[in-house]
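**Q** Residue numbers (our numbering): 3 to 242. All C-beta atoms, glycine included, are put in the ideal place defined by N, C-alpha and C.
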């Protein structure tokens, strides 16, 4: 992946709002996004009959497929699904990492689910920082999923807070790059708006499709571009 990354995470609730605040598939700023992330809020069953929308039915099946077909037609953005919750290690992820059999089953089903839904990969949150006893298990899980994703040419991303300390050890980034394509470091409170104005920013968030934000989403995506440094390919932005 070369150049700035622009990850646009879709807020499922915004598609069920009444007019004029409803958000539609055609509103996705595909001309600006390098990745479009489907947020499957509340999706707990990653093991058996995985459904194509979240359990709260905020993102309906017709919308999901319409958005996927539209984005496949554009062929400009990678399509990802978000897994886990933001912040510290989530219950779903810790349960998966804590048992080797569960980890293997989860990893296989995640790959099957991503491929079956015509997606290009997954963006995982709630992995790091992990409690001391679980850290090695989390690393093993990332390696397991990353290895399977590599076999099927899928993209794997991690979302971490600044205090995750993933890059404090020498050579950590090189090791991580063997299994992970992109790491998103949250530098402003999620999911509220905020702009990162420092050269070291790897992420800047802006709420797209939020009723309190006026104007089109493409405008909000462009508003962060002055803060990117093209000379640093790892820098980019995540929009929710």
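With a Cβ-Cβ cutoff of 8 angstroms, do residue 122 and residue 154 count as a contact?
**A** For the purposes of this step, residue 122 is taken as residue 120 along the chain shown, with counting starting at 1. For the purposes of this step, residue 154 is taken as residue 152 along the chain shown, with counting starting at 1. Their beta carbons are not under 8 angstroms apart, which means residue 122 does not touch residue 154 by this criterion.
**Q** Near residue 20, which residues of its chain fall below 6 angstroms by C-beta distance, leaving aside the five closest residues on each side in sequence?
**A** Here the question's residue 20 lines up with position 18 in the chain shown. Same-chain partners within the cutoff: there are none.
**Q** Just checking, does the segment 140-153 make contact with the segment 105-122 on the three C-beta pairs under 8 angstroms criterion?
**A** Short answer: they touch.
**Q** Around the Cβ of residue 37, are there at least 16 other Cβ atoms within 10 angstroms (buried) or fewer (exposed)?
**A** To locate residue 37, count along the chain shown from 1; it is residue 35. So residue 37 ends up on the buried side.
**Q** Is residue 188 helix, strand or coil by DSSP?
**A** As a working mapping, residue 188 is identified with position 186 in the chain shown. Here residue 188 sits in coil by DSSP.
**Q** Given a cut-off of 8 angstroms, decide if residue 159 and residue 176 are closer than it, judged by their beta-carbon atoms.
**A** Residue numbering aside, residue 176 sits at position 174 when the chain shown is read from its first letter. Residue numbering aside, residue 159 sits at position 157 when the chain shown is read from its first letter. Taking 8 angstroms as the Cβ cut-off, residue 176 and residue 159 do not qualify as a contacting pair.
**Q** Taking just the CA atoms, how far does residue 161 sit from residue 8?
**A** Indexing the chain shown from 1 puts residue 8 at position 6. Indexing the chain shown from 1 puts residue 161 at position 159. Residue 8 and residue 161: Cα-Cα distance of roughly 14 angstroms.
**Q** Please classify residue 183 as buried or exposed, where buried requires at least 16 neighbouring CB atoms within 10 angstroms.
**A** Numbered from 1 along the chain shown, position 181 holds the residue referred to as residue 183. Classification of residue 183: buried, given that the 10 Å Cβ count is 16 or more.
**Q** Over the uninterrupted beta strand (DSSP E) stretch that includes residue 40, give me the two end residues.
**A** By one-based count along the chain shown, residue 40 stands at place 38. Looking at the DSSP string, the run of the beta strand (DSSP E) that includes residue 40 is 37-41.
**Q** Within the same chain, show all residues whose beta-carbon is closer than 6 angstroms to that of residue 70, passing over the 5 residues directly before and after it, in chain order.
**A** Here residue 70 is taken as the residue at index 68 of the chain shown, counted from 1. Around residue 70: 120.
**Q** Given a cut-off of 8 angstroms on the beta-carbon distance, is the pair residue 156 and residue 98 in contact?
**A** To locate residue 156, count along the chain shown from 1; it is residue 154. To locate residue 98, count along the chain shown from 1; it is residue 96. Their beta carbons are not under 8 angstroms apart, which means residue 156 does not touch residue 98 by this criterion.
**Q** Within 10 Å of its beta-carbon, does residue 117 have 16 or more other beta-carbons around it, so buried, or fewer, so exposed?
**A** Counted from its first residue, the chain shown places residue 117 at position 115. Under this definition residue 117 is an exposed residue.
**Q** Is the beta carbon of residue 125 less than 8 angstroms from the beta carbon of residue 82?
**A** Here residue 125 corresponds to residue number 123 of the chain shown, with the count starting at 1. Here residue 82 corresponds to residue number 80 of the chain shown, with the count starting at 1. Yes.
**Q** Could you tell me the boundaries of the beta strand (DSSP E) in which residue 123 lies?
**A** Along the chain shown, one-based indexing puts residue 123 at 121. It spans 123-127 - the beta strand (DSSP E) in which residue 123 sits, taken as one unbroken run.
**Q** Please identify the residue among 6, 128, 180 and 166 whose C-alpha is closest to the C-alpha of residue 151.
**A** Along the chain shown, one-based indexing puts residue 151 at 149. Nearest option by C-alpha distance: 180.
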